[in-house]
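Chemist: Add 100 to a position in the sequence shown, counting from 1, and you land on the number used in our numbering.
Note that the Cβ used here is the ideal one computed from N, Cα and C, for glycine as well.
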Amino acid sequence: MSSISPIQTYIDEQIESFQEQLFDLLRIPSISTDSSHKEDVMRAAKFLEEELERIGLERVELYKTPRHPIVYAERCPHENRPTILIYGHYDVQPPDPLNLWDSPPFEPTIRNHRVYARGASDDKGQSFTHLKAIEAYLQTGTELPVNVKILLEGEEEIGSPNLVPFIKEHREMLECDMVVISDTAMFGKNQPSLTYGLRGLAYMEVEVTGPNRDLHSGVYGGTVQNPANAISKIIAELIDDNGVITVDGFYDKVKPLTEKEREEYSKLPFDEEEYKAKLGIVKTHGEKGYSTLERASARPTLDVNGLWSGYQGEGAKTVLPASAGAKISMRLVPDQDPEEIAELFTRYIRKIAPESVNVEIQKHHGGRPVLVDIDFYGIQAAAKAFEKVYDTEVLFSREGGSIPIVSDFQEVLGVPSILMGLGLKEDALHSPNESFSLEDFHRGIKTSAEFLQLLPAYAG
Ligand code: BES
Ligand code: ZN
101 MSSISPIQTY IDEQIESFQE QLFDLLRIPS ISTDSSHKED VMRAAKFLEE ELERIGLERV
161 ELYKTPRHPI VYAERCPHEN RPTILIYGHY DVQPPDPLNL WDSPPFEPTI RNHRVYARGA
221 SDDKGQSFTH LKAIEAYLQT GTELPVNVKI LLEGEEEIGS PNLVPFIKEH REMLECDMVV
281 ISDTAMFGKN QPSLTYGLRG LAYMEVEVTG PNRDLHSGVY GGTVQNPANA ISKIIAELID
341 DNGVITVDGF YDKVKPLTEK EREEYSKLPF DEEEYKAKLG IVKTHGEKGY STLERASARP
401 TLDVNGLWSG YQGEGAKTVL PASAGAKISM RLVPDQDPEE IAELFTRYIR KIAPESVNVE
461 IQKHHGGRPV LVDIDFYGIQ AAAKAFEKVY DTEVLFSREG GSIPIVSDFQ EVLGVPSILM
521 GLGLKEDALH SPNESFSLED FHRGIKTSAE FLQLLPAYAG
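1. Ordered along the chain, which non-local residues of its own chain (more than five positions away) have a Cβ less than 7 Å from that of threonine 487?
2. Using 10 angstroms around the beta-carbon of serine 136, count the other beta-carbons present and answer buried if the total reaches 16, otherwise exposed.
3. Just to confirm, are aspartate 191 and histidine 213 a CB contact at a threshold of 8 Å?
4. Among the residues of its own chain, which have a CB less than 6 Å from the CB of tyrosine 110, if the five just before and after it don't count?
5. Just the Cα atoms here: how many angstroms apart are threonine 358 and glutamate 394?
6. Exposed or buried, what is glutamate 253 when buried is set at 16 or more other beta-carbons lying within 10 Å of its beta-carbon?
7. Are valine 512 and valine 470 close, meaning C-beta to C-beta below 8 Å?
8. Quick one: is aspartate 371 buried, meaning 16 or more other Cβ sit within 10 Å of its Cβ, or exposed?
9. Looking at the structure shown, is serine 366 part of a helix, part of a strand, or coil, going by DSSP?
10. Sort Glu374, Pro166 and Asn329 by Cα distance to serine 260 and report the nearest one.
11. Decide if valine 280 is buried, meaning its Cβ has at least 16 other Cβ atoms within 10 Å, or exposed.
12. Helix, strand or coil, according to DSSP, for aspartate 371 in the structure here?
13. Near lysine 546, what residues of its chain come up, given a Cβ to Cβ distance below 7 Å and the 5 sequence neighbours on each side ignored?
14. Please report how far the alpha carbon of glutamate 275 lies from the alpha carbon of tryptophan 408, in whole angstroms.
15. From which residue to which residue does the alpha helix (DSSP H) around aspartate 140 run?
16. What are the partner residues of lysine 463, as DSSP defines its beta bridges?
17. I need the residues with a C-beta less than 5 Å from some heavy atom of the ligand ZN; please give them in chain order.
18. Could you tell me how far apart the beta carbons of methionine 278 and glycine 478 are, in whole angstroms, since I believe they sit closer than 8 Å?
19. Can you name the start and end residues of the beta strand (DSSP E) that glutamate 499 belongs to?
20. On the three-state DSSP scale, how would you describe phenylalanine 287?
21. Out of Lys353, Ser391 and Arg399, state which residue places its alpha-carbon closest to the alpha-carbon of aspartate 437.
22. If you scan the segment 397 to 456 from start to end, which runs of the alpha helix (DSSP H) of 4 or more residues do you find wholly inside it?
23. Please identify the residue among Pro369, Pro205 and Ile234 whose C-alpha is closest to the C-alpha of aspartate 124.
24. Should the segment 422 to 438 be called in touch with the segment 534 to 546, which here means at least 3 C-beta pairs below 8 Å?
25. Are the beta-carbon atoms of glycine 188 and serine 282 separated by less than 8 Å?
26. Does DSSP classify glycine 225 as helix, strand or coil?
27. To which residues of the same chain is asparagine 312 closer than 8 Å at the C-beta, ignoring the five residues directly before and after it?
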């Protein structure tokens, strides 16, 4: 596609209206984990359904599920050309803590050429780029160069519970040569990259209970095990001084990094000082013997995501709390299995928990880790598309986050996913002040349009 093709011109001319449309979507608080926002999640789904209709896709449908809907559309004009399935999610993480936002999370606000809103990058802004690229073809009267199917879900942030059965049930409708996903990050600013690995996840909750009520910490302290103390001790025992996770059997299935992989990792441009400065930390931390980049994507981890117990109000209250709890996630790497890890974790907590308290362990969602083959023609075409738009060579990297459905696409549909991330680390996903670069929104649309154009030739 030359830079003055009608498609690129359309994208340039429409970019402001594309932004406005994205902002309308960002105004909908589609928080999937919070049942009080169920209607909002539905509103976001309907918004996208209408959008897909409007831009000229076919078979547009909103599929209800036990929780949040799945939106589907397609346009498959070619018999002998590749079919891509574009996947994205329109649900978002809760915006709290609200007081740390500089502008309200569901009132998209532009500052420094970035739009600030929950979901701006993850994943409304990123996934919207593909819809706008398709629109550019169809609204300029240009047929799509490949067959396109679109699948948008509202449950990614809660582990895609209804999407897995959906893809199993609609295998035929979803048949494709590859899945295309923009829900990861680029390696750095102006440095596009293709992600070839994602970590998996096992998310657990531990609750420790002791006495049948909160007690006076003076009257009972010293005679009754304090659940807050007990859970702190349990947590402290989960990782040793070398940053190694102590859960029995945890590393049994971890594929070690090969020398070649480590060499590739060491070639990636990475500035540890800048990394620390951006995060406001004095020292990076993690498993000994691995670099920061390796620890961020190719090694498994264990983190407390939430911790509660006792008095949290102003001032001091002398109390020995009756219970304490923690939400703990473990990021997994090939070939760890989330079910197995959940089991090993449960067994280990039971083993180390003091007898003086009662411990309940619950499993939340999980997802398998994935690796994709970078020689796949779709990845090569995506690399070329990025290079044309960003005018620089792409890097190939693994990332630490999880998109659990990717492994299901691999298993159920038998196809690889191309992870064309458009985000940046500083987008602050899941944090206050999430944002997305408007320049990358624009370049992302162009990259998607280029990719569609280039793909048939790469398919051979
Ligand atoms: N978009 C992220 C995943 C991601 C972010 C991958 C950055 C690579 C780089 C996704 O929406 C997400 O946050 N997923 C959850 C999955 C979980 C809730 C099952 C995650 O990783 O915490
Ligand atoms: Zn996401």
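Modeler: Result, derived from the coordinates:
1. What sits at residue 487 in the sequence shown is glutamate, not threonine. Excluding sequence neighbours, glutamate 487 sits near Glu493 and Val494.
2. exposed
3. No.
4. Ala236 and Thr240
5. Our two residues, threonine 358 and glutamate 394, have alpha carbons roughly 12 Å apart in a direct line.
6. By the C-beta density criterion, glutamate 253 is buried, having at least 16 other C-beta atoms within 10 angstroms.
7. no
8. exposed
9. Serine 366: helix per DSSP, three-state reduction.
10. Pro166
11. Buried: at least 16 other Cβ atoms inside 10 Å.
12. coil
13. Gln108, Ile111 and Val489
14. 45 Å
15. For aspartate 140, the enclosing alpha helix (DSSP H) has its first and last residue at 138 to 154.
16. DSSP output for lysine 463 lists Met304 as bridge partner(s).
17. Asp222, Asp223 and Asp283
18. 4 Å
19. 495 to 499
20. coil
21. Comparing Cα positions, the closest option is Lys353.
22. Contiguous alpha helix (DSSP H) elements confined to the segment 397 to 456 occur at 438 to 452, taking only those with 4 or more residues.
23. Pro205
24. Under the Cβ criterion (8 Å, minimum of three pairs), the segment 422 to 438 does not count as touching the segment 534 to 546.
25. yes
26. helix
27. Ala422
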